[in-house]
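> The opening residue of the sequence shown carries number 1 in the UniProt record's numbering; numbering runs sequentially from there.
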Amino acid sequence: MIKIKDLEFSDPLIIASGIVPDVPNYIREICEKYNPSAITTKTVTLNPLDPHAPPTVIKLYDGIYINAIGLGNPGAKIFDNINVQCPLIASVSGSSVSEIMEAVKIVEKKAKIIEINVSSPNRKGYGESLSSLIGNIVKEVKSVTNLPVFVKLGPWDNAVELAGKALEKGADGLTLINTIKGLVIDVDTFKPILSYGTGGISGRCLYPIALRIIKDVYEEYGVDIIGVGGVFEWADVIGMLAVGAKLVGLGTVLIEKGFNVINEIRKDLHSYLLEKGLKFEEIIGISVKK
Ligand SMILES: Cc1cc2nc3c(=O)[nH]c(=O)nc-3n(C[C@H](O)[C@H](O)[C@H](O)COP(=O)(O)O)c2cc1C
1 MIKIKDLEFS DPLIIASGIV PDVPNYIREI CEKYNPSAIT TKTVTLNPLD PHAPPTVIKL
61 YDGIYINAIG LGNPGAKIFD NINVQCPLIA SVSGSSVSEI MEAVKIVEKK AKIIEINVSS
121 PNRKGYGESL SSLIGNIVKE VKSVTNLPVF VKLGPWDNAV ELAGKALEKG ADGLTLINTI
181 KGLVIDVDTF KPILSYGTGG ISGRCLYPIA LRIIKDVYEE YGVDIIGVGG VFEWADVIGM
241 LAVGAKLVGL GTVLIEKGFN VINEIRKDLH SYLLEKGLKF EEIIGISVKK
């Protein structure tokens with residue numbers, strides 16, 4: 001069993017934030033059909049936010065996408081209507097510390113873990129704009145919930161330093177990593193293809209970046225980590241566990257291949273463990289000197 005605080009997970013496969021929309025029936029359907037170890041909700045804010053105008057998600061290459069949905073969401077109160085068996089990781093953001101606290105108070109009733117998103121690159125004033133307030137946000141959120149609080153960071157050069165600030169104020173773990181900001185230009189109009197201009201790049205190209213950051217953070221702090229970024233197959237999951245992740249989020253792979261890939265990866269992981277005579281918990285951090 002993989003343990004995070006009092007929570008136990010039989011395997012590390014969870015769904016990353018933003019892939020299952022905040023529609024209660026849809027979340028329940030995905031939970032019942034595919035049984036992920038947890039579902040991270042799409043980030044909610046205290047009040048509803050409209051998504052940016054389309055196009056908001058574009059496929060760039062096989063396995064690589066750019067999106068700028070911009071944290072569009074129905075508001076934290078949608079959690080009152082979510083009733084699922086799968087553990088929920090509630091992803092929360094806001095435009096201020098107090099807004100995040102208020103949203104956490106609403107979602108925590110239905111969640112097992114709070115994930116604070118201070119890394120979305122797609123909406124000014126939210127997400128990554130708040131990363132400089134990380135210590136304060138963690139301190140205040142910890143004062144309103146007893147759930148484990150994870151902080152989701154982006155693929156930044158100062159990720160280890162920011163992780164340290166979050167942990168110093170009581171964060172229980174880190175989710176690593178969010179998308180990396182990019183730009184694509186329409187060569188007919190010479191304007192950005194995405195209505196927001198820039199967007200977050202996700203998918204296979206993120207995998208080695210995620211691995212490097214997870215390893216650096218795990219090596220420094222030996223803390224609980226949810227690894228996310230470019231995971232497409234079973235070997236990617238094993239690599240992420242080996243550098244210190246306890247749970248592994250599937251994102252773009254679900255957009256590209258559909259949710260049934262969860263079962264395929266799970267089956268391949270179990271064959272690997274059987275062949276090697278290993279358990280998931282024995283692999284976590286195995287490649288990192290501490
Ligand atoms: C369409 C889309 C929407 C996303 N929305 C969110 C979001 O609301 N909150 C968040 O923290 N991350 C969001 N992400 C980022 C993913 O959770 C993940 O960190 C990132 O895509 C890297 O993982 P991947 O390469 O497996 O997709 C989104 C990603 C995509 C592709």
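Glycine included, each C-beta is placed from N, C-alpha and C at the ideal position.
With hydrogens ignored, establish whether the beta-carbon of Ile213 is closer than 7 Å to any heavy atom of ligand 1.
Sequence index remark: in the sequence shown, residue 213 carries index 213 (1-based). No, the Cβ of Ile213 stays beyond 7 Å of every heavy atom of ligand 1.
> Assuming the contact rule is C-beta atoms closer than 8 Å, Ala171 and Val149 should be a hit. Round their C-beta distance to whole Å, please.
Taking the sequence shown and counting its residues from 1, one reaches residue 171 at position 171. Taking the sequence shown and counting its residues from 1, one reaches residue 149 at position 149. Sure, about 6 Å apart at Cβ, within 8 Å.
> Which two residues bound the contiguous alpha helix (DSSP H) that contains Leu8?
If you number the sequence shown from 1, residue 8 lands on position 8. For clarity, residue 8 is Glu in the given sequence; the question names Leu instead. Segment 7–9 is the beta strand (DSSP E) holding Glu8; no alpha helix (DSSP H) there.
> Does the beta-carbon of Val231 have 16 or more other beta-carbons within 10 angstroms, so that it is buried, or is it exposed?
Numbered from its first residue, the sequence shown carries residue 231 at position 231. The residue is buried, with at least 16 neighbouring Cβ atoms inside 10 Å.
> If we count the other Cβ atoms within 10 Å of its Cβ and call it buried at 16 or more, is Asn260 buried or exposed?
Mapped onto the sequence shown, residue 260 falls at position 260. Classification for Asn260: exposed.
> Distance check for Lys191 and Trp156, CA to CA, integer angstroms please.
Translated into the one-based positions of the sequence shown, residue 156 becomes position 156. Translated into the one-based positions of the sequence shown, residue 191 becomes position 191. Approximately 27 Å, taken between the alpha carbons.
> Under a three-way DSSP split, which group does Asp224 fall into?
Counting from one through the sequence shown, the residue named residue 224 turns up at place 224. In this structure, Asp224 counts as strand in the three-state DSSP scheme.
> Under DSSP, the alpha helix (DSSP H) around Ala163 begins and ends at which residues?
Here residue 163 refers to the residue found at position 163 of the sequence shown. That run of the alpha helix (DSSP H) goes 159–168.
> Which residues mark the beginning and the end of the alpha helix (DSSP H) in which Asn136 is found?
Residue 136 sits at position 136 when you count from the first residue of the sequence shown. That run of the alpha helix (DSSP H) goes 134–142.
> Mind listing, in chain order, the continuous beta strand (DSSP E) runs of no fewer than 3 residues lying wholly within the region 34–102?
Qualifying beta strand (DSSP E) stretches, in chain order: 38–40, 57–61, 64–67, 88–92.
> Which residues does DSSP list as the beta-bridge partners of Glu115?
Your numbering for residue 115 matches position 115 in the sequence shown. Note: Glu115 sits in a beta bridge opposite Ser91, Phe150.
> Below 8 Å between beta carbons: does that hold for Gly127 and Asn117?
As a first step, residue 127 must be located in the sequence shown, where it is residue number 127. As a first step, residue 117 must be located in the sequence shown, where it is residue number 117. Yes; because the gap between Cβ atoms is below 8 Å, this pair is in contact.
> Alpha carbon to alpha carbon, what distance is there between Asn83 and Val151?
Position 151 of the sequence shown, counted from the start, is the residue given in the question as residue 151. Position 83 of the sequence shown, counted from the start, is the residue given in the question as residue 83. Approximately 24 Å between the Cα atoms of the pair.
> Give the straight-line distance between the Cα atoms of Ile201 and Val243, rounded to the nearest whole angstrom.
By 1-based counting over the sequence shown, the position of residue 201 is 201. By 1-based counting over the sequence shown, the position of residue 243 is 243. If you take the alpha carbons of Ile201 and Val243, they lie about 22 Å apart.
> Starting from Val261, trace the alpha helix (DSSP H) both ways and give me its first and last residue.
For this step, residue 261 is matched to residue 261 along the sequence shown. First-last of the alpha helix (DSSP H) with Val261: 261–276.
> From Gly154 to Ile180, what does the alpha carbon distance come to, in whole angstroms?
Locating residue 154 in the sequence shown gives position 154, where the first residue counts as 1. Locating residue 180 in the sequence shown gives position 180, where the first residue counts as 1. Approximately 7 Å between the Cα atoms of the pair.
> Rounded C-beta distance between Ile113 and Ile89? I'm assuming under 8 Å.
As a first step, residue 113 must be located in the sequence shown, where it is residue number 113. As a first step, residue 89 must be located in the sequence shown, where it is residue number 89. The pair is a contact, with the Cβ atoms about 4 Å apart (cut-off 8 Å).
> Quick check on Ile286: does DSSP put it in helix, strand or coil?
Here residue 286 refers to the residue found at position 286 when the sequence shown is read from its first residue. Coil.
> Is Ile177 near ligand 1, in the sense that its beta carbon is under 7 Å from a heavy atom of that ligand?
Your numbering for residue 177 matches position 177 in the sequence shown. Result yes, Cβ under 7 Å from ligand 1.
> Drop a sphere of 10 angstroms on the beta-carbon of Tyr196, count the other beta-carbons inside from all chains shown, and report buried for 16 or more, exposed for fewer.
Here residue 196 is taken as the residue at index 196 of the sequence shown, counted from 1. Label assigned to Tyr196: buried.
> For a test of the three-state rule: what should DSSP assign to Thr252, helix, strand or coil?
For the purposes of this step, residue 252 is identified with residue 252 of the sequence shown, where counting begins at 1. DSSP places Thr252 in helix when its eight states are reduced to three.
> Report whether the distance from the Cβ of Tyr65 to the nearest heavy atom of ligand 1 is below 7 Å.
Taking the first residue of the sequence shown as 1, we reach residue 65 at position 65. At least one heavy atom of ligand 1 is nearer than 7 Å to the Cβ of Tyr65, so yes.
> Would you tell me roughly how many angstroms separate the C-alpha atoms of Ala111 and Pro87, rounded to the nearest one?
Along the sequence shown, read from residue 1 onward, the residue named residue 111 stands at position 111. Along the sequence shown, read from residue 1 onward, the residue named residue 87 stands at position 87. Those two C-alpha atoms are separated by around 7 Å.
> Under 8 Å, do Ala76 and Asn122 count as touching if we go by C-beta distance?
As a working mapping, residue 76 is identified with position 76 in the sequence shown. As a working mapping, residue 122 is identified with position 122 in the sequence shown. No; because the gap between Cβ atoms is not below 8 Å, this pair is not in contact.
> Taking the alpha helix (DSSP H) that Ile238 falls in, what are its first and last residues?
Reading the sequence shown from its first residue, position 238 is the one you call residue 238. Residues 234–242.
> Examine ligand 1 and report whether any of its heavy atoms sits within less than 7 Å of the Cβ of Thr198.
Translated into the one-based positions of the sequence shown, residue 198 becomes position 198. No.
> Can you tell me whether DSSP reads Pro24 as helix, strand or coil?
Walking along the sequence shown from the start, residue 24 turns up at place 24. DSSP places Pro24 in helix when its eight states are reduced to three.
> Taking C-alpha atoms, which residue in Ile106, Ile58, Gln85, Gly63 lies nearest to Ile78?
One-based indexing of the sequence shown puts residue 78 at position 78. The residue with the shortest Cα to Cα distance from Ile78 is Ile106.
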